[in-house]
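Q:
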Amino acid sequence: MEEAHSGVCGAHQSGPKLHFRIKRIGYYWPTMVKDCMDYARRCQACQFHANLIHQPPEPLHSTVASWPFDAWGLDVVGPLTKSSGGHLYILATTDYFSKWAEAVPLKEVKKENVADFIRTHIIYRYGVHRYIITDNGKPFCNSLIDKLCQKTTVRTPTQATPYALVYGVEAVLPLEQQIPSLRIAIQEGLTEEENARIRLEELEALDEKRLETQQRLDVTKPDCLGRSINKCVYVLFRLAI
18 MEEAHSGVCG
28 AHQSGPKLHF
38 RIKRIGYYWP
48 TMVKDCMDYA
58 RRCQACQFHA
68 NLIHQPPEPL
78 HSTVASWPFD
88 AWGLDVVGPL
98 TKSSGGHLYI
108 LATTDYFSKW
118 AEAVPLKEVK
128 KENVADFIRT
138 HIIYRYGVHR
148 YIITDNGKPF
158 CNSLIDKLCQ
168 KTTVRTPTQA
178 TPYALVYGVE
188 AVLPLEQQIP
198 SLRIAIQEGL
208 TEEENARIRL
218 EELEALDEKR
228 LETQQRLDVT
238 KPDCLGRSIN
248 KCVYVLFRLA
258 I
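Note that the numbering used here gives residue 139 to position 122 of the sequence shown, counting from 1, and the numbers run on in steps of one.
(1) If I measure Cβ to Cβ from His146 and keep anything under 8 Å in the same chain, skipping five residues before and after, which residues do I get?
(2) Only counting the same chain, and skipping five residues up and downstream in sequence, which positions put a Cβ closer than 6 Å to that of Cys63?
(3) So is Tyr143 buried or exposed if we call it buried at 16+ other beta carbons inside 10 Å?
(4) Can you give me the C-alpha to C-alpha distance between Glu218 and Arg227, rounded to a whole angstrom?
(5) With a threshold of 16 other CB atoms inside 10 Å of the CB of Ile135, please say whether the residue is buried or exposed.
(6) Might you give, ordered along the chain, the residues of its own chain that have their beta carbon closer than 6 Å to the beta carbon of His22, omitting 5 neighbours on each side?
(7) Out of Ala213, Thr111 and Met18, point me to the one whose CA is closest to Lys40's CA.
(8) Identify every residue that forms a DSSP beta bridge with Tyr148.
(9) Since Val94 and Ala109 should fall inside the 8 Å C-beta cutoff, what is the C-beta to C-beta distance between them, to a whole number of angstroms?
(10) Assuming the contact rule is C-beta atoms closer than 8 Å, Cys53 and Gly27 should be a hit. Round their C-beta distance to whole Å, please.
(11) Using CA coordinates, which residue listed in Gln231, Ser160 and Tyr148 is at the minimum distance from His78?
(12) Quick check: the Cα distance between Leu105 and Gln61, rounded to an integer number of angstroms?
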């Protein structure tokens, strides 16, 4: 069994295949099937390299996309046959609401390539999304992607973007100029006097918005401080004289 399973010509086959292979060679004994099954289960190399899911199970969550470009699915396809340009992989993303897809070829799957793809093909074109669903691979779960997400989303303590706290309104995306959104369509029908009056009203309400943001930040500070203190590790040393 050892020679047929993991020997020079062995292929680390499963128990049933190992049984049929030994039988074709010309061997037989009464407990042949059971012995082959047990031997294949105990093989250390098979336990390490078998096609098993080593990632711990996690609860499934339903994906709900309420509007276009709100939720995206991101994944890597490959390795494929090398193209003339030397590309082996395809980084693809799909919008869950409209099923719109974006894809780029890659020679290597690096976190820098993934971050640049999210920035240029999703955020710059379709705005800041609510979430991206991945398979939690290393190119998607790292400090660079976390930093990008932190910079492009609403902060939990303040519940406001830095741009809105400075200028009083959210930033206008290039997509809103090509396909006018509601606020752009309303502004196009205003005169200069009406636009100036509305802008002054927004600036007057900015102080109240900043005050509310500061109050939210003050409320969340004790919780953040408590979580950081709980992570501290205290070590006691004995002074030797």
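We put the beta carbon where it would ideally sit given N, CA and C, even for glycine.
A: Taking the geometry as given:
(1) Phe86, Asp87, Ala88, Trp89, Ile139 and Ile140
(2) His29
(3) buried
(4) 15 Å
(5) buried
(6) Leu35
(7) Met18
(8) Ala88
(9) 6 Å
(10) Actually they do not touch by this definition, with Cβ atoms about 13 Å apart.
(11) Tyr148
(12) 32 Å
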